[in-house]
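S.K.:
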Amino acid sequence: MPSVLQLTLILLASGVAGVVIFRYFGLPPILGYLAIGVLIGPHAFGLASDSATVKYLAEFGVVFLMFSIGLEFNLHKLRAMRSIVFGLGGSQVILTMLLAVPASLLLNWAYPISWQAAIALGGALAMSSTAIVTKLISDRSELETEHGRNIIGILLFQDLAVVFLLILIPSLGSNPSDLFLALTTASIKITVALILIFFIGQTLMSRWFSVVAKL
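This is the structure we're talking about:
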């Protein structure tokens, strides 16, 4: 089993090779990363068989990717996108769930599914991969375009909706007699989480940016 350093070098070298090959054929680099991941993973050549270490490295990679994309935005732009985030983004999530949940229940004769599972499935279908989509937009230099801002706005609302779903969905698995209490508790948790995100988080980040600006 390779060490962490060796595994990192293998991933970097193979990733660069994959990007070069896919760019040569005019394909998105993200497809190169996916293809290389399949080839060097435990189900192919097995060069990166340590799934736990790869998982940790992948989490760091996503953090750095989102950080690099965040460098291209400023607070003024993000505030100006509020109507897109809550208008367009909220509409996308709500409409997707309103279509997915009834559709799942209508197919109950073929694939038996409870209403709780239908809500969870609808929430999952309403989500997208922020890291992958933003990477594709960034590679195409479309972050500053109108459709690029719309997509980013939708993704930002989806990230907020994930907090709601992660708190709501576990409560749906409670016993029917305890469902009301579970939903009430989930609502309180969601309210607290939103307060922390929008108010306390915004205040702390504003002060932090002020301190950094003075350095």
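Numbering (numbering that gives the first Met the number 0), first residue to last: 0 to 214. For every residue, glycine included, the Cβ atom is placed at its ideal position computed from N, Cα and C.
1) Below 6 Å CB to CB, which residues in the same chain sit around Ser103 once its five sequence neighbours on both sides are set aside?
2) Let me check understanding here. Comparing Cα to Cα, which of Ala57, Leu94, Gly152 and Ile168 lies closest to Val3?
3) Report yes if the CB atom of Phe44 is closer than 8 Å to the CB atom of Gly31, and no otherwise.
4) Is it the case that the Cβ atoms of Gln157 and Ser127 are separated by a distance below 8 Å?
5) Return the Cβ separation of Lys188 and Ile166 in integer angstroms, given the expectation that the two are a contact with Cβ distance under 8 Å.
6) What would DSSP say about Pro27, mapped onto helix, strand or coil?
7) Buried or exposed: which applies to Thr144, given that a residue is buried once 16 or more other Cβ atoms fall within 10 Å of its Cβ?
8) Have a look at Gln92 and Gly147 and give me their C-alpha separation to the nearest angstrom.
9) For Val84, collect the residues of the same chain with a Cβ closer than 7 Å to its Cβ; drop the 5 residues on either side in sequence, then sort them by chain order.
10) Per DSSP, what kind of secondary structure is Glu145 in: helix, strand or coil?
11) Going by the CB atoms, is the gap between Gln115 and Leu38 shorter than 8 Å?
12) Measuring alpha carbon to alpha carbon, tell me which of Ala79, Ala16, Val53 and Gly17 ends up nearest Gln5.
M.R.: In brief:
1) Residue 103 sits at position 104 when you count from the first residue of the sequence shown. Excluding positions up to five away in sequence, the list reads Ile112, Ala117 and Leu120.
2) Mapped onto the sequence shown, residue 3 falls at position 4. The candidate whose alpha carbon is nearest that of Val3 is Ala57.
3) Taking the first residue of the sequence shown as position 1, residue 44 is located at position 45. Taking the first residue of the sequence shown as position 1, residue 31 is located at position 32. No, the pair does not count as a contact, with Cβ atoms beyond the cut-off.
4) As a first step, residue 157 is located in the sequence shown; it is residue number 158 there, counting from the start. As a first step, residue 127 is located in the sequence shown; it is residue number 128 there, counting from the start. Yes, Cβ-Cβ distance for Gln157 and Ser127 is below 8 Å.
5) Numbered from 1 along the sequence shown, position 189 holds the residue referred to as residue 188. Numbered from 1 along the sequence shown, position 167 holds the residue referred to as residue 166. Confirmed, about 5 Å.
6) Position 28 of the sequence shown, counted from the first residue, corresponds to residue 27. Secondary structure at Pro27: coil, using DSSP grouped into helix, strand and coil.
7) The residue you call residue 144 lines up with position 145 of the sequence shown. Exposed, since its Cβ has fewer than 16 Cβ neighbours within 10 Å.
8) Start at 1 with the first residue of the sequence shown, and residue 92 comes out as number 93. Start at 1 with the first residue of the sequence shown, and residue 147 comes out as number 148. Here the sequence assigns Val to residue 92, which means Gln is not the residue at that position. If I take the Cα positions, the gap works out to 18 Å.
9) Here residue 84 is taken as the residue at index 85 of the sequence shown, counted from 1. By the criterion of a C-beta distance shorter than 7 Å, Val84 is surrounded in its chain by Gly152, Leu155 and Phe156, once the five residues flanking it on both sides are discounted.
10) By 1-based counting over the sequence shown, the position of residue 145 is 146. Three-state DSSP puts Glu145 in a helix.
11) Locating residue 38 in the sequence shown gives position 39, where the first residue counts as 1. Locating residue 115 in the sequence shown gives position 116, where the first residue counts as 1. No.
12) By one-based count along the sequence shown, residue 5 stands at place 6. Comparing Cα positions, the closest option is Val53.
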